[in-house]
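Trainee: This is the structure I have questions about; it appears just below.
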Amino acid sequence: MNLKSLFYALNRDTRFIAVNVVILFMLLNLVAQRMAWRLDFTRDGLNSVSDSTEKVLSRPGQPILVEAYITKKLPGEIYGELQPILYQLDEIERIGGSRIRLHYIDPTDEDERAKAERRGIQGIPIEQAKDDEASVRMGYFGVYIQSGEQSAIVDLVDQGRIIGDFEYRFLREVKRLTNKEPRSGIGFLQAPGSLQTTVWRRDAPPEKTNMFAFRSIIEGDSGPWTDVMVAEPVPEGVETLIVTGLPHLDEKAQYHLDQFLMRGGNLLLMVRSFDFQLSRPDPRLLQMGFASGGGQASIEEMPLKELNDWLLAYGLELKGRILFEPALAAPELDIEGNYLKRMKNPSWAVYSHETGNFADDPIFKYTGQVILPWFSDVQFNPNVQPDAKYRTLLYSSDGVIFREAASLALKDMQRMGSDPADLRSDRPLPLLVEVKGRFRSAFFEREELPVKDEKAKFRPGQQSGTESTILMLGTPYVVSDIFLRNEQNMQIFQLNAAFLAGLLDHLQGDTDLLAARSRIPTIPLLEDPPEFIMYFLGSAFEPIFQWFHILALPLLLGLYGWRRLARRNQKRGLTLNDDAADLEEDRPDSNQENLK
């Protein structure tokens, strides 16, 4: 038999083909194992890492020792939650190459447990129950990282739960170990009317005018912020200054901010045009932490005019109106009757790539959603600063509703958008605006400066070799502490905190962790019924829908039971008639009549 005949016979042999398929599959796995990528079909990419890992680990630096102290013998549900972290550690080792030395350690004996505790990883008691007994043993869940003489620990359990952002925490510690400048370069303006960053009081819930939690997170990531007093010049170490609320800025404060821009500083403006008081919540909601409903909102005209007088020198203006997005409203819980119910909150707008509200900009490359609470729009005039470029980064929908006064209570906003008298915009409105380039001072034509003896230091324009950026957002409540009152709104805080931290990274010029930080599950929107149904039913849709759910199942069961009984009785009736006919035929009189 020649080779041609042999190959022809083998190609028709199913066993030979099956063996080759198995061998090919194993070879492909061996090749893929050595590659620095892996396909991940999970919804949120839990089993893989983002582009941030490659950015951080591809830079030259000292070798990094990674020791993962993870107990292996665990209940199935705990091990299932740890599995994505193990996959991510494998990916980190592949991408890091020779720079990463990864060791898995299962502390099963006394020496290994003692080593874990010397590294700073403490054991956690794990309860295991069997058929007739219960036992408690120590489990270890931590990753030790060492680069040179510096070391750090990433705890895999936080507040009794397996962490869901291991990649971000790992890369944050790696950057911290290799960063020679621990200062953040971020300042926070302390002015009358601005938000606060004060520590929470034990006897009071988190407030809407406080953003202590966000500040704590960013300071933990990139170093402490600098508090900038409104009457003093911005310190030299500050590169990006955050301005919040509806601040009162006299001419002296405006001058200091102007000169901060002229020297190459950046401004992140999160400002408001209206104010409101939180409505008194239902006591039942308050016990569960759901108490973020708003009261009557109105425009603060005089403070807003003062703010815009300052902003107009840079071509910006905050419009005095309250915006609502009924079609893109965030869900919020409220009580109706004796039951919790998810309702739309049109004053909290959910924007994403799917809704088409993001500009084509790297800032939004990894952003899942942004939720803007209690917001207004921003307008700009590019002719005011001809050497700067104006861009809209975030738009509203083209049917956004605007009012000058409105109730922000959930129940009052449920009819928002159904009233023909609602004022709607005929175009998308700018919500986040960027102005970047070389600025001209707002005081360059002034003969007298607000600060004495400043003529020699005064900069009429941008300092040579520098450019500045202003980012302006029409709400200061994006990362307000009020979102921390309940777990329902905690996810909104996490999404917004990731986005705002990305804006700060963009202004600071360090976007290494942008992708890893943004891997947060998005929130689902509440869908409206089809338009044709609402056209015919209108306001009657909700009660009809409720009564349908109440009565539909009993009616269907009743119809089904009646049908069964009718069919059974019908069959019984046919059987009785047939038996009666048979008996009639068997009667003697009947037989005699038949014989006749």
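Under this note's numbering, the first residue of the sequence shown carries the number 1, and numbering increases by one thereafter.
Think of the CB as a built atom: it goes at the ideal place given N, C-alpha and C, for glycine as much as any other residue.
Go through its chain and collect everything with a Cβ distance to E54's Cβ below 6 Å, but skip five positions before and after it.
Mentor: Looking up residue 54 in the sequence shown gives position 54. Hits under 6 Å: I95.
Trainee: Below 8 Å CB to CB, which residues in the same chain sit around L583 once its five sequence neighbours on both sides are set aside?
Mentor: Position 583 of the sequence shown, counting from 1, holds the residue named residue 583. Because the pLDDT at L583 is just 47, under 50, the model does not fix this residue reliably, and the point stays unresolved.
Trainee: Take the Cβ of M138 as the centre, count every other Cβ of all protein chains shown within 10 Å, and call the residue buried at 16 or more, exposed below.
Mentor: Locating residue 138 in the sequence shown gives position 138, where the first residue counts as 1. It is exposed - the Cβ of M138 has fewer than 16 other Cβ atoms within 10 Å.
Trainee: Expressed to the nearest angstrom, what Euclidean distance is found between the alpha-carbon atoms of K344 and S376?
Mentor: Residue numbering aside, residue 344 sits at position 344 when the sequence shown is read from its first letter. Residue numbering aside, residue 376 sits at position 376 when the sequence shown is read from its first letter. Between K344 and S376, the C-alpha separation is close to 19 Å.
Trainee: What is the rounded straight-line gap between the Cα of R597 and the Cα of P450?
Mentor: Beyond the ends of the chain as shown, which are 1 and 596, falls residue 597; an answer cannot be given.
Trainee: Under DSSP, the alpha helix (DSSP H) around D398 begins and ends at which residues?
Mentor: In the sequence shown, counting from the first residue as 1, residue 398 sits at position 398. Unbroken run through D398: none, as it is neither H nor E.
Trainee: Does the distance from the C-beta atom of L495 to that of I470 stay below 8 Å?
Mentor: For the purposes of this step, residue 495 is taken as the residue at position 495 of the sequence shown. For the purposes of this step, residue 470 is taken as the residue at position 470 of the sequence shown. If you check the CB distance, L495 and I470 do not come in under 8 Å.
Trainee: How far does the alpha helix (DSSP H) with V174 in it extend, from its first residue to its last?
Mentor: Your numbering for residue 174 matches position 174 in the sequence shown. Element bounds for V174: F166 to T178.
Trainee: On a CA-only basis, which of V384, L30, F380 and E332 is nearest P524? Give me that one, please.
Mentor: By one-based count along the sequence shown, residue 524 stands at place 524. Considering only alpha carbons, the answer is E332.
Trainee: What does the Cβ neighbour count give for W547, buried or exposed, with the cut at 16 atoms within 10 Å?
Mentor: As a working mapping, residue 547 is identified with position 547 in the sequence shown. Per the 10 Å Cβ criterion, exposed.
Trainee: A497 to A349, Cα distance in whole Å?
Mentor: As a working note, residue 497 is residue 497 in the sequence shown. As a working note, residue 349 is residue 349 in the sequence shown. A497 and A349: Cα-Cα distance of roughly 16 Å.
Trainee: Restricting to Cα atoms, I'd like to know which of T197, R446, P107 and Q146 is closest to R101.
Mentor: Here the question's residue 101 lines up with position 101 in the sequence shown. Nearest C-alpha to R101: Q146.
Trainee: Quick check: what's the CA-CA separation for V154 versus G123?
Mentor: Taking the sequence shown and counting its residues from 1, one reaches residue 154 at position 154. Taking the sequence shown and counting its residues from 1, one reaches residue 123 at position 123. If I take the Cα positions, the gap works out to 14 Å.
Trainee: If you run the structure through DSSP and keep just helix, strand and coil, what is A456?
Mentor: The residue you call residue 456 lines up with position 456 of the sequence shown. In this structure, DSSP gives A456 a state outside helix and strand, which the three-state scheme calls coil.
Trainee: Assuming T226 contacts Q508 (C-beta within less than 8 Å), just tell me the rounded distance between them.
Mentor: Residue 226 sits at position 226 when you count from the first residue of the sequence shown. Residue 508 sits at position 508 when you count from the first residue of the sequence shown. Not a contact, Cβ separation roughly 13 Å.
Trainee: Does the beta-carbon distance from D258 to F443 come in below 8 Å?
Mentor: By one-based count along the sequence shown, residue 258 stands at place 258. By one-based count along the sequence shown, residue 443 stands at place 443. Against a cut-off of 8 Å, the Cβ pair of F443 and D258 comes out as a contact.
Trainee: Give the C-beta separation of G368 and T522 to the nearest angstrom, bearing in mind that I take them to be a contact with Cβ-Cβ under 8 Å.
Mentor: Indexing the sequence shown from 1 puts residue 368 at position 368. Indexing the sequence shown from 1 puts residue 522 at position 522. Going by Cβ atoms, the distance from G368 to T522 rounds to 4 Å, so yes, they are a contact pair.
Trainee: Given a cut-off of 8 Å on the beta-carbon distance, is the pair E91 and V22 in contact?
Mentor: Counting from 1 along the sequence shown, the entry for residue 91 is found at position 91. Counting from 1 along the sequence shown, the entry for residue 22 is found at position 22. Taking 8 Å as the Cβ cut-off, E91 and V22 do not qualify as a contacting pair.
Trainee: With a threshold of 16 other CB atoms inside 10 Å of the CB of S468, please say whether the residue is buried or exposed.
Mentor: Position 468 of the sequence shown holds residue 468. It counts as buried.
Trainee: Reducing DSSP to helix, strand and coil, say where E467 ends up.
Mentor: In the sequence shown, residue 467 corresponds to position 467, counting from 1. Note: E467 maps to coil in three-state DSSP.
Trainee: By the DSSP assignment, the beta strand (DSSP E) with G245 in it spans what residues?
Mentor: Counting from one through the sequence shown, the residue named residue 245 turns up at place 245. First-last of the beta strand (DSSP E) with G245: T240 to G245.
Trainee: How many Å lie between A191 and G185 at the Cα?
Mentor: Reading the sequence shown from its first residue, position 191 is the one you call residue 191. Reading the sequence shown from its first residue, position 185 is the one you call residue 185. Rounded to whole angstroms, A191 to G185 spans 19 Å at the Cα level.
Trainee: Are the CB atoms of L171 and I163 nearer to each other than 8 Å?
Mentor: Numbered from 1 along the sequence shown, position 171 holds the residue referred to as residue 171. Numbered from 1 along the sequence shown, position 163 holds the residue referred to as residue 163. Result no, Cβ atoms of L171 and I163 do not sit closer than 8 Å.
Trainee: Identify whether W348 lies in helix, strand or coil by the three-state DSSP scheme.
Mentor: On the sequence shown, residue 348 is found 348 positions in, with the first residue counted as 1. Note: W348 maps to strand in three-state DSSP.
Trainee: Which residue from L304, F274, L473 and N308 puts its Cα closest to that of G295?
Mentor: Translated into positions along the sequence shown, residue 295 becomes position 295. F274 is the residue among L304, F274, L473 and N308 whose C-alpha sits nearest the C-alpha of G295.
Trainee: So is S397 buried or exposed if we call it buried at 16+ other beta carbons inside 10 Å?
Mentor: Numbered from its first residue, the sequence shown carries residue 397 at position 397. So S397 ends up on the buried side.
Trainee: Give the DSSP-derived three-state secondary structure of Y602 in the structure shown.
Mentor: Residue 602 is absent from the structure shown; the chain starts at 1 and stops at 596.
Trainee: With DSSP as the reference, please indicate the residues paired to M229 in a beta bridge.
Mentor: Counted from its first residue, the sequence shown places residue 229 at position 229. Note: M229 sits in a beta bridge opposite Q190.
Trainee: I'd like to check one pair, D106 with K72: are the Cβ atoms closer than 8 Å?
Mentor: In the sequence shown, counting from the first residue as 1, residue 72 sits at position 72. In the sequence shown, counting from the first residue as 1, residue 106 sits at position 106. Yes, the pair counts as a contact, with Cβ atoms nearer than the cut-off.
Trainee: The beta strand (DSSP E) that contains M270, what's its start and end?
Mentor: Position 270 of the sequence shown, counting from 1, holds the residue named residue 270. That run of the beta strand (DSSP E) goes N266 to V271.
Trainee: Under DSSP, the alpha helix (DSSP H) around R118 begins and ends at which residues?
Mentor: Sequence index remark: in the sequence shown, residue 118 carries index 118 (1-based). Taken as a continuous stretch (DSSP letters only), the alpha helix (DSSP H) holding R118 covers E110 to R118.
Trainee: Closest to G193 by CA distance: which of S151, V238, G142 and G245 is it?
Mentor: Here residue 193 corresponds to residue number 193 of the sequence shown, with the count starting at 1. Closest option to G193, Cα to Cα, is G245.
Trainee: For D453 and A231, I'd like the C-alpha separation in whole angstroms.
Mentor: Position 453 of the sequence shown, counted from the first residue, corresponds to residue 453. Position 231 of the sequence shown, counted from the first residue, corresponds to residue 231. If I take the Cα positions, the gap works out to 16 Å.
Trainee: Taking the beta carbon of A18 as the centre, do at least 16 other beta carbons fall within 10 Å, making it buried, or is it exposed?
Mentor: Mapped onto the sequence shown, residue 18 falls at position 18. So A18 counts as exposed.
Trainee: Who does G437 pair with in a DSSP beta bridge?
Mentor: The residue given as residue 437 occupies position 437 in the sequence shown. DSSP output for G437 lists A388 and S468 as bridge partner(s).
Trainee: Below 8 Å CB to CB, which residues in the same chain sit around R183 once its five sequence neighbours on both sides are set aside?
Mentor: To locate residue 183, count along the sequence shown from 1; it is residue 183. The answer, listed in chain order, is G223, P224 and G237.
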